[in-house]
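Chains as they are written, first to last, in the working numbering: chain A, 73 to 743; chain B, 41 to 439.
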């Protein structure tokens, strides 16, 4: 159950979207994690959203049996979670996990949950709650370096760190909780990062029962910690959880209201939430289904505004039979920064879970400036077309990913009429982002030396991807040079055609003169042909490679995420070791008063180690699946594009034959 | 390139830019050539039924410089002033391949094995192309001489063909080189002068205008065609590199991706060969034709120049005769001189007219032949590419 509720965050917001979003954007978004940032950044807002949610949904929850179930276990989970050492809890939760997912769709299954939940509930709530505040108060802990954290805190530290900041609104320190990823981004978008994390954590934890509980409780408590007393904490915990669930309930309600839609929608949602735990085959099936059902095109690039404030808007049309969308065809207008914004949202949420989030095309200041200046030259037209095509491919890649397709932000992007302006992307050009990514990669690759890779598969794959990227870059350079040389050839052919025409006009033999001017015409046509082929070289071939160079970067990012998870686990392992040594010392020094505390700490760290280990295993599994999926997708994509490219070459040759065959009688007529 | 293609190229070579009498009495070809550093040694093979030769079939070794010597002696022979003297073959230019060779040597350490192999392939192809072209122009020069009723009887030509050792012709010394340069200066200055001379003959007036115009046009077209074929070669080279890069990606892979890449690499490799052929056939059929006629037209212009010179001489001799008559002395000598000049001029005009007419016919025939051949080759290559692409697309789609 916990799992289901935890995982649900991605699915729910979309369903809630129509209702909640429409009247209170902020509150609704808060839970998707994206727009939370917007509301949280101003300090007064932060308290508001929960309230809103609280006010609205509770009724639903209680009125709705389903929601009850959901919300109840949630609460219990939360409260119980704090118990750091409760092994039983772990077991209990890990077992029913499978059922959980079903719980969502089928109410009968709920039974096991309450039982499980009942047992651990009494656990040392107070402990947990008591400590976190300490953390918060001393939340000068600005760096997420795990070592520090481990020193004075307990399990939920990471979580606490992240969340407290949200509450206390110290965006700066909040930034880098352990994750390289967030660190990287923190420069750019400190606040949104922080807010997203909680949700992410939830989803992450969802997989492993023990892991998931602590974050939920901790985050919720910490949230309130800054503002409220402990008692309130409990309360707020509940509210937060409730609010989290509420959208779910909303959806259920809606489903009930629209029976026709409900069944498939629910199944889609549940399947999506289950996706990570699915087998590969299932994944593939899903993929292919999605492929057939969703057709996205980006068209009609249009300049909006004048001067340096001008921007390009694109028409994003979707055609689908998927029931999770409100209609079969719909169209929205989006600007480039919206696409970047979508990527950032997705990347924040999913890349740390080991998903390969397709990167969007890079920002090009030079290209855009030309467009802005409004010169109607071919290069700016080419730029616009290039970007349009790249954005289309980008969106297609996003929706072809079964998990990303389920993301509320994706649906919002495709469906929603008006999108909040993605401000943060302005500072972040694609190139800049890549640079940062590379930096992070470098930093991590230094760690690689320390990480003795146990998994042969990963060991090889990481190396392969590295090599492939390198070779891909080389190939890209070659193809670029082909494009240039063919353009050159086209230009030279045009010049030659002119020259031959002149020669023909000077020729005093009538038949030869005629043949020469015919030859000039043929060469003129061939020049056109070369030009078209050059643009095919570029759009079908070169751009494909550029895409994959970016994608391979994203794959490497996934490996890094996995590495980080491993690092976290190892650090916890070390800390546990230290604690044990400390205990031994205490034993030896015969200080029973401190012994209990030491034991508690050991237990706590043991739990942490298990948690992190599981996390690492989970992310390893995800990355592995993702990479396999990516490889398959890549092979298919490449084949498709290459065939398309070869067809363009074939077409050129056919034209060529036509031109020369028409010329042959002319040549023969020379006498 | 395959031996077959070489053979077929040989066929083309013989007929490239000139229409030759199919006269079996003196057949010359260059079956072999050897490149040693800067020097190219040609083996010239002669088959003849003419009694002026001691043997009926023999071979001699000759260098490029020997050809130049032969050309120069013919140009300097007064007798041939009324003829279009076949243009001398240009100096073998191995600059392109040599540069590539240099790059190859330099980059050997930094290149992968595949890249090195690809580069070597390109180098070999380019070297062969240049080599073939060089042999061709030298051969054509000799064939032009042998097919001309006057030149074939030339003494120096016979020596060139028959002397069975190295000719080791004396290189021009610095003074002569300078002399040649000076002569050229005078000639071009004269040309300006002569173009001012009033032409008495309508035919030559027309011919002069045409040749001057045509010469500049064809020069331009040649340069443009060279550029075009060069960039076409670049495209072919890019195919080659792409194929190499694809192979190196495929090497690290073991999924379905690998198969696709390998297939692709293969396609590009084949496309390179085809595209390379297209480029080199264009070069051989079109650029070489234009190049040759740029030189041939220069030779025709030289003829016009010599005739104009003779005309000027004749006019001068007329003036001298007038003066002599006025003064009443040396009349006989002046008359003699005037007659001689007139005779020379008439002779030049007569043979020049014949030569220019036949030159025109020859040019039209050569253009026709080459354009037809080029077109046919273009169609052939395009069809080959087409079937290659079609096949590859099918294979890719099927797996």
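The beta carbon of each residue, even a glycine, is placed where N, CA and C say it ideally should be. Remember, predicted model here, so these are calculated numbers, not experimental data.
Min CB distance residue i to chain A below 9 Å
i, result
"residue 309 (chain B)", "no"
"residue 279 (chain B)", "yes"
"residue 418 (chain B)", "yes"
"residue 396 (chain B)", "no"
"residue 254 (chain B)", "yes"
"residue 124 (chain B)", "no"
"residue 304 (chain B)", "yes"
"residue 141 (chain B)", "no"
"residue 261 (chain B)", "yes"
"residue 264 (chain B)", "yes"
"residue 350 (chain B)", "no"
"residue 258 (chain B)", "yes"
"residue 408 (chain B)", "yes"
Residue i, buried or exposed, once every other Cβ within 10 Å from all chains shown has been counted against 16
i, result
"residue 725 (chain A)", "buried"
"residue 410 (chain A)", "buried"
"residue 286 (chain B)", "buried"
"residue 713 (chain A)", "buried"
"residue 629 (chain A)", "buried"
"residue 437 (chain A)", "exposed"
"residue 317 (chain A)", "Any reading at residue 317 (chain A) must be qualified, since the residue scores a pLDDT of 39, below 50, and its modelled position is unreliable; no value is offered."
"residue 676 (chain A)", "buried"
"residue 562 (chain A)", "buried"
"residue 631 (chain A)", "buried"
Cβ of residue i within 9 Å of any chain B Cβ
i, result
"residue 396 (chain A)", "no"
"residue 572 (chain A)", "yes"
"residue 550 (chain A)", "yes"
"residue 536 (chain A)", "yes"
"residue 356 (chain A)", "Because the pLDDT at residue 356 (chain A) is just 45, under 50, the model does not fix this residue reliably, and the point stays unresolved."
"residue 400 (chain A)", "no"
"residue 649 (chain A)", "no"
"residue 725 (chain A)", "yes"
"residue 578 (chain A)", "yes"
"residue 529 (chain A)", "no"
Alpha carbon of residue i to alpha carbon of residue j, nearest angstrom
i, j, result
"residue 393 (chain B)", "residue 606 (chain A)", "50 Å"
"residue 484 (chain A)", "residue 560 (chain A)", "45 Å"
"residue 578 (chain A)", "residue 557 (chain A)", "31 Å"
"residue 314 (chain B)", "residue 597 (chain A)", "20 Å"
"residue 417 (chain A)", "residue 423 (chain A)", "10 Å"
"residue 720 (chain A)", "residue 611 (chain A)", "11 Å"
"residue 259 (chain B)", "residue 413 (chain A)", "58 Å"
"residue 423 (chain B)", "residue 316 (chain B)", "15 Å"
"residue 671 (chain A)", "residue 640 (chain A)", "22 Å"
"residue 658 (chain A)", "residue 707 (chain A)", "60 Å"
"residue 177 (chain B)", "residue 356 (chain B)", "40 Å"
"residue 575 (chain A)", "residue 585 (chain A)", "8 Å"
"residue 555 (chain A)", "residue 351 (chain B)", "57 Å"
"residue 353 (chain B)", "residue 273 (chain B)", "51 Å"
"residue 391 (chain B)", "residue 123 (chain B)", "7 Å"
"residue 339 (chain B)", "residue 194 (chain B)", "18 Å"
Range covered by the beta strand (DSSP E) that runs through residue i
i, result
"residue 374 (chain A)", "366-376"
"residue 66 (chain B)", "66-76"
Residue i - containing alpha helix (DSSP H), residue span
i, result
"residue 669 (chain A)", "664-740"
"residue 284 (chain B)", "242-291"
"residue 347 (chain B)", "328-367"
"residue 371 (chain B)", "371-438"
Identified DSSP bridge partners for residue i
i, result
"residue 476 (chain B)", "A question about residue 476 (chain B) goes unanswered here, because the residues of chain B that appear run from 41 up to 439."
"residue 388 (chain A)", "A:370 and A:404"
"residue 80 (chain B)", "B:75"
"residue 383 (chain A)", "A:376"
Any non-hydrogen atom of the ligand SAM within 8 Å of residue i CB
i, result
"residue 108 (chain B)", "As far as ligands go, the structure on display features none, and thus does not contain the ligand SAM."
Note down, in chain order, all residues in the segment 148-173 of chain B with a beta-carbon under 8 Å from any beta-carbon belonging to chain E.
The structure shown contains no chain E; its protein chains are A and B.
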